[in-house]
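Its first residue numbered -4, the sequence shown is counted upward by one per residue in our numbering.
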Amino acid sequence: MTDQEGSSPPGRQGVPVAEVGTHPQPSGGTRGPSLFDGAPVASFLLDGQGRILEVNRRGGALLGFDREALLGQPLGRFVAPASRPPLDALLKRVLDAPAVQSDEIEVPGAEGTPRALLLDAVAHGESGCYLVATDVTPYREAQRALQSGHADLSGQLRERTARARALNEELEHVVTSFIRQLQEPTSRAMNVLGLLRRALGEPPEGVTRPLLHIERALQQIVALYESVDRYMQARGLQARIRPVDLNAVLREVLKDVRLLLADRNVQITHDPLPVVQGDSQALFLILNEYISNALKFTRTREEARLHILVEETDSAFHIGVRDNGVGFDPRGQGRLFRLFERQHPSSRYEGSGLGLAVVRRTCERFGGRVWGEGQPDQGATFWFAWPKRPVVLE
């Protein structure tokens, strides 16, 4: 652009104002206002040097000058100094390309506050252009407020996340330390109870019954802190996604539960087991808990039968462990996978109510889900759906 500073306003050149600013007079009537002047947006007609050939009322109001003060003046004279290069570039693009060109500039506003304008320009004639200006100051202010609010929220979120992480680590430390501190006195009490039994020899029933209650209580404590320890290990599992052969996982599980198989008639069968994408420790934990659970609740059966089922869908493998045990009331299946929830009395079946909750948390961490099916005294089947493309969730 040229003639932007210093010189007095140049004369109007190019298209005559009367031809641009008005339409031909209606026959037999008075000359009325042009569509250009009455346009609902700020409109300008510029020549090839960026001088204002015509401006409507909204354009003058936007720049804060009367129409007469603007005509013949370079538009760049009324914009912020930093916006003159973008304006020059916009006008050059309009002359080089017929399509609508857009850019954003600033003009001085009241009390020195700049106002943001969105310019849309299109070529007019051989060397001029028609330009529409939209005041986008409120939008920019709203955008800055949103960005500022977003930055504040992001900072608060980071702070709260860091605090939650610290509290979680503290909780894990407390629980782990509690388990370790509980193991020693519990083991000491079990040893004392054994020594007392040997010292008493064949005590009367009035002594045997209290000792039996004490032994069961200590066993429940041991089962509880062992379950909590497994739960904490599952929480801290460093998962790694890789191909895992479920046949190999099952072999390791059967080694681990061999004491539960001693002196029992147990038949364990399975469908062909797939190779899945996952973490071997997590899958071992899930199958181990399901099989241990099935062995516990088939203890009253003369012959315990366990079968591992496999069903494949487009997105997941459904793995189920079916047994012929005591089953459960399906009306209470919603409690099965909750922390410390039980469907059977602890006096008949040991356990803490944590095992299935560990399974649920472990499976959900990989994007899977768990559920159970059963009827009283008709056995049960516990399932987990393992995604074909698991994603580790924290």
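The beta carbon of each residue, even a glycine, is placed where N, CA and C say it ideally should be. Keep in mind it's a predicted model, so treat the numbers as computed, not measured.
Is residue i near the ligand MN, going by C-beta to nearest heavy atom under 7 Å?
i	result
Val95	Absence of the ligand MN is noted for the structure shown, with no ligands found whatsoever.
Out of curiosity, what's the CA-to-CA distance linking residue i and residue j?
i	j	result
Phe377	Asn242	18 Å
Asn260	Leu268	24 Å
Leu282	Phe379	9 Å
Val386	His168	27 Å
Pro103	Ser310	60 Å
Leu47	Gly144	Per the sequence shown, the amino acid found at residue 47 is Ile instead of Leu. So the two alpha carbons sit approximately 40 Å from each other.
Gln151	Ala157	10 Å
Leu388	Met227	16 Å
Pro21	Ala84	At Pro21, the pLDDT of 36 sits below 50, so the modelled position is not reliable and the matter cannot be decided from this model.
Glu179	Gly329	36 Å
Gln370	Ser287	19 Å
Asn163	Arg360	17 Å
Arg211	Asp266	38 Å
Arg289	Arg153	The sequence shown places Ala at residue 289, not Arg. Cα to Cα, Ala289 sits roughly 44 Å from Arg153.
Ala277	Cys358	8 Å
Leu188	Ser172	25 Å
Leu126	Phe39	5 Å
Tyr285	Asp251	13 Å
Val354	Leu280	7 Å
Leu213	Met185	7 Å
Gly62	Arg53	Reading off the sequence shown, one finds Arg at residue 62, where the question assumed Gly. Looking at the two C-alpha atoms, the distance is approximately 10 Å.
Leu249	Thr203	36 Å
Ala75	Leu112	11 Å
Glu247	Asp224	20 Å
Val96	Ala34	As written in the sequence, residue 96 is Gln, which differs from the Val given in the question. Between Gln96 and Ala34, the C-alpha separation is close to 20 Å.
Phe312	Gly367	16 Å
Val256	Gln373	Here the sequence assigns Leu to residue 256, which means Val is not the residue at that position. Cα to Cα, the separation comes out at about 21 Å.
Gly59	Ser149	40 Å
Leu70	Ala140	30 Å
Asp240	Val170	33 Å
Thr17	Gln142	Caution is warranted here: a pLDDT of 40 is assigned to Thr17, below 50, making its placement in the model unreliable, and no coordinate value can be reported.
Pro205	Thr181	17 Å
His208	Lys291	21 Å
Phe73	Leu65	9 Å
Thr308	Leu166	39 Å
Arg326	Val244	32 Å
Leu232	Gln176	22 Å
Arg253	Ala146	57 Å
Asp32	Asn51	4 Å
Gln215	Ile174	14 Å
If we count the other Cβ atoms within 10 Å of its Cβ and call it buried at 16 or more, is residue i buried or exposed?
i	result
Asp42	buried
Glu49	buried
Gly322	buried
Pro93	exposed
Asp274	buried
Ala37	buried
Arg384	exposed
Thr264	exposed
Arg237	exposed
Gln68	buried
Val271	buried
Thr293	buried
Ala56	exposed
Gly107	exposed
Leu190	exposed
Val122	Note that residue 122 corresponds to Ser in the displayed sequence, not to Val. Counting Cβ neighbours within 10 Å, Ser122 comes out exposed, since fewer than 16 surround it.
Arg160	exposed
Gly45	buried
Arg333	exposed
Arg183	exposed
Looking only at DSSP bridge pairs, what is residue i linked to?
i	result
Thr376	Arg317, Glu368
Ser97	Asp115
His302	Thr264, Arg317
Leu41	Ile47, Cys124
Pro103	None, per the DSSP bridge assignment.
Pro69	Arg46
Pro382	Ala311
Thr129	Leu113
On the three-pair Cβ rule with 8 Å, is the stretch 112 to 119 touching the stretch 81 to 96? Yes: the two stretches touch, three or more of their Cβ pairs being nearer than 8 Å.
Quick check for students: name the residue ranges of the alpha helix (DSSP H) that lie wholly in the stretch 204 to 274, counting only runs of 4 or more. Every alpha helix (DSSP H) stretch that sits fully inside the stretch 204 to 274 and reaches 4 residues is listed by chain position as 241 to 251, 253 to 256.
With three or more beta-carbon pairs closer than 8 Å as the criterion, would you say the stretch 195 to 209 touches the stretch 125 to 137? No, the stretch 195 to 209 is not in contact with the stretch 125 to 137.
Taking 8 Å as the threshold, find out whether the stretch 315 to 335 comes into contact with the stretch 287 to 304 through three or more Cβ pairs. Taking 8 Å as the limit for Cβ pairs, the verdict is that the stretch 287 to 304 does touch the stretch 315 to 335.
Do the stretch 348 to 366 and the stretch 219 to 226 meet, that is, are 3 or more Cβ pairs less than 8 Å apart? The stretch 348 to 366 makes contact with the stretch 219 to 226: 3 or more CB pairs, one atom from each, lie closer than 8 Å.
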